[in-house]
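Contents: one structure, followed by commentary.
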Ligand code: HEM
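In structure tokens, the structure reads:
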């Protein structure tokens, strides 16, 4: 009996030592070294995620705790937290951001999906030479000419979905639009009628990727499993829900692969000659077929069907919710500030009237552009970059990062500082309409909503174009109102920072 008791006690002691004492000692030593430059936010086990969840509970705002700490201590450049038992260094100072964005090869991204054979070989996650090759290759799908050619499709998608959707759930409404734009940009006409799980593909995929993230945030059991076992978590005592998700992922893979194979056969028979009319998949398949031919003359095959599959999932994942949430937050601010809504409506009427949005009038939507910039400054849906692991001991400014530590870049932290923006915490979209330098003490890493350096967002121009069209076409047709039945609107988190609850807005048709 006594021995059992002693064993249990020692185990508890070991756990406390590993999960609490080890990280806190390391973090305290760093705090001692950095003084006011560092804010300590240790949270046993759940780390910075625990801080964010607590902030939602107590302040209805996921960023409140962190923003208050940064405002209280303007000298702060880093937040010291933990990722289970490992120190997690959250970089907020722009010089630290600059160095780590520049040296991106020294850090390895931690897979946010943690689902095997899902998106690891797509552009967001791939590393090294594979990343270089993909980035250069995918660049041709995001050229100005290619983006321009998608304008009529985006107009059509926004109009159709705005007409069909009941608009009772803001997240779903926005994601139906942005998901369909990604699917059509990737598959083109092949996407017509593309269904998954008996639903429109973008609805099924948005639900699946959403569920995969939410259930990890909502249950400590899943959260811990994901931290400890990573992508193997799905094999460790899988629950019914986990088995269901893996089954659905397998099904998505089969269906998407079928479409890719179909296009390979089509283009083998009839290659496309006009580069400008190629969608993402055509660009990929054309190169795949070219490489297959060259392989016969002994050149190594670089693109595989598996990579095309992972690329589709990647672009869907990073291109749907990000743009949807940004647009949804813009609509929320229009409902909150009716005077801004009137100004935006006036601009839409003056610039586009009853016409479609095209290349020439898109760039004249200056107020809408300013509105989006202000939302990206204060309420960027992507709070942090993907968490990264330090590959080897590395000095960043005055911090000696150890191999295996976790680093994350909080790229929007300068947004709330008066040293960089006048009345920084005030929502004022007009600041972006002023001529001259609106960012003070700018080292180029103060307003970086799409990250910076070589691994910045490849889809940023597409996102800005889409969001402008979504806002313009919706405001032209509907008056956007706060739903009086919703007593408390909050900034929550569903992997991305978003406005909640989903029924917080009403859309009243303009006559
Ligand atoms: C408002 C909308 C968007 C925001 C705020 C946003 C933000 C970001 C950020 C912060 C990163 C860096 C992630 C990291 O390194 O951890 C990133 C990367 C990326 N984004 Fe976006 N994004 C948006 C829309 C899009 C769209 C529409 C697409 C494409 C359809 C896209 C494709 C990508 C890809 C492929 C990467 C990885 C690039 C690389 O590692 O080389 N994003 N995005």
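Numbering (the working numbering), first residue to last: 6 to 516. Even glycine gets a Cβ: it sits at the ideal position worked out from N, Cα and C.
Rounded to whole angstroms, what's the CA-CA distance from residue i to residue j? Just pull it up for me.
i: residue 262; j: residue 364; result: 34 Å
i: residue 163; j: residue 474; result: 8 Å
i: residue 293; j: residue 312; result: 11 Å
i: residue 322; j: residue 214; result: 7 Å
i: residue 217; j: residue 180; result: 16 Å
i: residue 198; j: residue 184; result: 14 Å
i: residue 230; j: residue 238; result: 6 Å
i: residue 445; j: residue 211; result: 39 Å
i: residue 258; j: residue 269; result: 16 Å
i: residue 283; j: residue 195; result: 12 Å
i: residue 33; j: residue 86; result: 10 Å
i: residue 393; j: residue 112; result: 6 Å
i: residue 490; j: residue 340; result: 14 Å
i: residue 84; j: residue 415; result: 10 Å
i: residue 106; j: residue 271; result: 41 Å
i: residue 52; j: residue 382; result: 25 Å
i: residue 504; j: residue 327; result: 13 Å
i: residue 436; j: residue 378; result: 10 Å
i: residue 256; j: residue 449; result: 44 Å
i: residue 318; j: residue 18; result: 43 Å
i: residue 136; j: residue 146; result: 16 Å
i: residue 399; j: residue 405; result: 6 Å
i: residue 77; j: residue 470; result: 37 Å
i: residue 472; j: residue 167; result: 14 Å
i: residue 338; j: residue 362; result: 22 Å
i: residue 413; j: residue 247; result: 27 Å
i: residue 380; j: residue 330; result: 10 Å
Under a three-way DSSP split, which group does residue i fall into?
i: residue 515; result: coil
i: residue 483; result: strand
i: residue 458; result: coil
i: residue 431; result: coil
i: residue 128; result: coil
i: residue 10; result: helix
i: residue 66; result: strand
i: residue 165; result: helix
i: residue 288; result: helix
i: residue 309; result: coil
i: residue 228; result: helix
i: residue 50; result: coil
i: residue 106; result: helix
i: residue 444; result: coil
i: residue 234; result: helix
i: residue 113; result: strand
i: residue 505; result: strand
i: residue 200; result: strand
i: residue 281; result: helix
i: residue 241; result: coil
i: residue 466; result: helix
i: residue 172; result: coil
i: residue 519; result: Residue 519 is absent from the structure shown; the chain starts at 6 and stops at 516.
i: residue 449; result: coil
i: residue 422; result: coil
i: residue 79; result: coil
i: residue 160; result: helix
i: residue 295; result: helix
Beta strand (DSSP E) containing residue i: first to last residue?
i: residue 88; result: 83 to 88
i: residue 495; result: 495 to 499
i: residue 257; result: Per DSSP, residue 257 belongs to no beta strand (DSSP E); it is in the alpha helix (DSSP H), 245 to 274.
i: residue 491; result: Careful: residue 491 lies outside any beta strand (DSSP E) and carries neither H nor E.
What residues match up with residue i in a beta bridge as DSSP calls it?
i: residue 412; result: 94 and 393
i: residue 118; result: In the DSSP output, where bridge partners are listed per residue, residue 118 has none listed.
i: residue 406; result: 399
i: residue 510; result: 487
The alpha helix (DSSP H) with residue i in it runs from where to where?
i: residue 178; result: 175 to 192
i: residue 219; result: 206 to 223
i: residue 29; result: 27 to 39
i: residue 141; result: 133 to 143
i: residue 45; result: First-last for residue 45: 43 to 45, but that is the beta strand (DSSP E), not the alpha helix (DSSP H).
i: residue 153; result: 149 to 154
Which ranges would you report for the alpha helix (DSSP H) in the region 312 to 387 if only whole runs of at least 4 residues count?
Fully enclosed alpha helix (DSSP H) runs of 4 or longer: 343 to 356, 364 to 367 and 371 to 383.
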